[in-house]
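Below is one structure; the comments refer to it alone.
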Amino acid sequence: MDSGEFSRTRRYLGRTQEQLAQLLSVSPKAIQSFEQGWRNIPAYVERQLLFLLFLKRPPLENTPPCWEIRRCPTKTRRSCVAWELGAGHFCWFVNGTLCHGKAQKNWRDKIELCRQCEVFRAMVTAV
Numbered sequence: 004m005d006s007g008e009f010s011r012t013r014r015y016l017g018r019t020q021e022q023l024a025q026l027l028s029v030s031p032k033a034i035q036s037f038e039q040g041w042r043n044i045p046a047y048v049e050r051q052l053l054f055l056l057f058l059k060r061p062p063l064e065n066t067p068p069c070w071e072i073r074r075c076p077t078k079t080r081r082s083c084v085a086w087e088l089g090a091g092h093f094c095w096f097v098n099g100t101l102c103h104g105k106a107q108k109n110w111r112d113k114i115e116l117c118r119q120c121e122v123f124r125a126m127v128t129a130v
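Numbering (the working numbering), first residue to last: 4 to 130.
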């Protein structure tokens, strides 16, 4: 997530820098630094911000789960934590999912892959 997307998301959520700082458990100065590009946005902050965005715009009732959209084979589905937990609209948030048949090493690798995925774009589109 870059500083521009961070700032746009804050405004979409209708929060001041101070209010968002409280939601993310960081200082208002940290929010300002993220928006100005002075500091990198930590993975836990990005993840929480995307979660808030997801809550503001939940998927439509008829949106199929990720394993249907991605047409995952049955064997992959049964091995994937998103399928096991019934988190087909929340797969981008859950670590250990089998995106492209394998789990990603860390949040940065996972979210980079998710941002290219139609499931993520349908669930958490950039503002």
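Backbone N, C-alpha and C fix where the C-beta goes; we use that ideal spot for every residue, glycine too.
These numbers were taken from a predicted model, which means no experiment stands behind them.
Relative to Leu52, the option among Lys113, Leu27, Lys105 whose CA is nearest is Leu27. DSSP places Val122 inside the alpha helix (DSSP H), whose first and last residues are 121-126. Sequence-distant partners of Ala90 (beyond 5 residues in either direction) whose C-beta falls short of 6 Å from its own C-beta, in its chain, are Val97. Note: Cys102 is bridge-paired with Lys105 in the DSSP secondary-structure output. In this chain, the alpha helix (DSSP H) harbouring Leu23 covers 20-27.
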